[in-house]
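Chemist: Numbering (the working numbering), first residue to last: -6 to 115. Pasting a structure below so you can have a look.
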């Protein structure tokens, strides 16, 4: 999401570079609004995919030791280096995406809490 946001911001800035600062500001605000909507729309599916990267199932191979395969992709052995690399990436994604988006949303709402719920409103 961070790379997507950065590249989108650069594209908006490049497109509106010859316009006034006010028009550029409105274009950036519009981009941020639609980017946030897209992130909230895709949040459940992406978070679910990230969490599926952690679950392994054991399969009996007869006389040999148990074979542990990733439940989401049975071609990945959970004892292989490929799995451990993916696990590191999934943990980073979990922090940035699954925890980062709700945290950013909370901070933004906390900043505007007095406007959203005025103290004298009954």
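For each residue, glycine too, the CB sits at the ideal point set by N, CA and C. Just so it is clear, the structure is predicted and the values come from calculations on it, not from any experiment.
Give every residue of the same chain whose Cβ lies closer than 6 Å to the Cβ of residue 51, excluding the five residues on either side of it in the sequence, and list them in chain order.
Modeler: 59, 61
Chemist: Does the Cβ-Cβ distance between residue 82 and residue 63 come in under 8 Å?
Modeler: no
Chemist: Beta carbon of residue 43, beta carbon of residue 73: below 8 Å?
Modeler: no
Chemist: Figure out for me which residue from 88, 28, 55, 67 has the closest Cα to the Cα of residue 0.
Modeler: 28
Chemist: Which value, in whole angstroms, describes the spacing of the CA atoms of residue 67 and residue 111?
Modeler: 53 Å
Chemist: Which first and last residues belong to the beta strand (DSSP E) in which residue 116 is found?
Modeler: Past the boundaries of the shown model lies residue 116; the chain is included only from -6 to 115, so the question cannot be answered.
Chemist: Give the DSSP bridge partners of residue 63, in chain order.
Modeler: 49
Chemist: Any idea what DSSP makes of residue 110, helix, strand or coil?
Modeler: Looking at residue 110 - three-state DSSP - the assignment turns out to be coil, as it is neither helix nor strand.
Chemist: So if DSSP puts residue 70 in a beta bridge, which residue, or which two residues, is it bridged to?
Modeler: 62
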